[in-house]
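Here the sequence shown is numbered in the working numbering, starting from 539 and rising by one per residue.
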Amino acid sequence: MSENIIYCFSGTGNCLDIAKNIARELGDTDIVMMRRAPSVTDATGAKRVGFVFPCYGGGLPGGVEDSLKSIQVSGDAYKFAVCSCAAYPGTGLATVDALFHLDYWEVLSHQCSCIWLFPHTLMVPPLTAQGAQDRSEREAKRIGRSVKALARSEKSPRANPLNKAESKAFGKLAGGKAKKFAVSSLCIGCGTCAKVCPKDNIRMVDRKPQFGTDCLQCLACLQYCPQEAISLGSITQKREHYHNVNITADDLAQSVIHVD
Ligand SMILES: Cc1cc2nc3c(=O)[nH]c(=O)nc-3n(C[C@H](O)[C@H](O)[C@H](O)COP(=O)(O)O)c2cc1C
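The structure is reproduced here in structure tokens:
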């Protein structure tokens, strides 16, 4: 087993990019993806155990809390977490803290992948996608150095009751919105959408995607489609597409990524 393990959920690549940048600072790190059930749940041999995830609708992405509950960590391990969000981290850090008693945690704002709500220009301060990426890389490297030095946070993360309610409602609403996905004639049947869907919610039938209702609204399918053939209602057609510039669809489909 590697010296360090980072458990990571990522829809449009920001969190995987952050996890990789932290891992490069640490060396000898396995990044275990939590998009589906994690393939490594025994982390008792790791010296540092990290969790990197986005805020989705005020909380953890659906299914992540259950995945976290399956992970065993040594009482002596150093535990840290990073929440990536557009504006506010919601309840995720407090949930992870309740399970693992974090030594260190950080919030890292990154360009929002839910572009129909927060286009780039609504980011505070307004940033280009490249500007947000540069900031994220700088911050992730700083966090990586802090984790290497076993830094400690002074306070525990808090969960705002409003975010708790938001997260509960978001989880219920997200699946229903999947009915609004549409696929245009630009689709070439490559299956990238099915590959990047963290919930295995897309089936290719006659080389066309069919969407189920187990959807988190991460929009990885729409954002990674090489033909920009997928839309969600009318609003996404008017927005620019976004996924993390360093993370490919193949990266997201891995179950473990080792960084030396
Ligand atoms: C479905 C969805 C819901 C989101 N909800 C929030 C939110 O409640 N608060 C927030 O500040 N950012 C929110 N965001 C922004 C993401 O947390 C942020 O862009 C993050 O970097 C995405 O990471 P990823 O690319 O690894 O999935 C949301 C994004 C998506 C796709």
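For glycine and all other residues, C-beta sits at the position ideal for the given N, C-alpha and C.
A straight line joining the alpha-carbon of G583 with that of N542 spans about 9 Å.
In terms of side-chain proximity, the C-beta atom of N552 is found nearer than 6 Å to a non-hydrogen atom of ligand 1. Closest option to K746, judged by alpha-carbon separation, among A767, K737, P736 and I609: A767. With a cutoff of 6 Å, Q755 counts as near ligand 1, since its C-beta is closer than that to a heavy atom of the ligand.
Residues F749, I768 and L770 of the same chain have their beta carbon placed closer than 7 Å to that of F719, with the five preceding and five following residues left out of the count.
With a cutoff of 7 Å on beta-carbon distance, V734 and Y762 are scored as near each other. The secondary-structure analysis by DSSP pairs A619 across a beta bridge with F589 and W643. The C-beta separation of G729 from G595 comes to about 27 Å, leaving the pair out of contact by the 8 Å criterion.
Within the same chain, Cβ atoms closer than 6 Å to the Cβ of V645 are found at C621 and P627, the five residues on either side in sequence being excluded. At least one heavy atom of ligand 1 lies closer than 6 Å to the C-beta of P592.
Going by C-alpha positions, S608 is about 9 Å away from V578. Assignment of Q748 by DSSP, reduced to helix, strand and coil, places it in the strand class. DSSP places C546 within a strand segment (E or B) once states are collapsed to three. For the pair S605 and V783, the Cα-to-Cα distance works out to about 27 Å.
Taken from the Cβ of Y626, at least one heavy atom of ligand 1 lies inside 6 Å. Here G682 has N559, I560, A561, R562, E563 and L564 as same chain residues with Cβ atoms under 8 Å from its own Cβ, once five neighbours each way along the sequence are excluded. When the five nearest sequence neighbours on each side are left out, the beta carbons in the same chain lying within less than 7 Å of the beta carbon of V797 are those of K558, A561, R562, T567 and I569, in order along the chain. Between the stretch 753-760 and the stretch 735-742 there are three or more inter-stretch CB-CB distances shorter than 8 Å, so the stretches are counted as touching. Residue environment: L688 is assigned as exposed (fewer than 16 neighbouring CB atoms within 10 Å of its CB, all protein chains considered).
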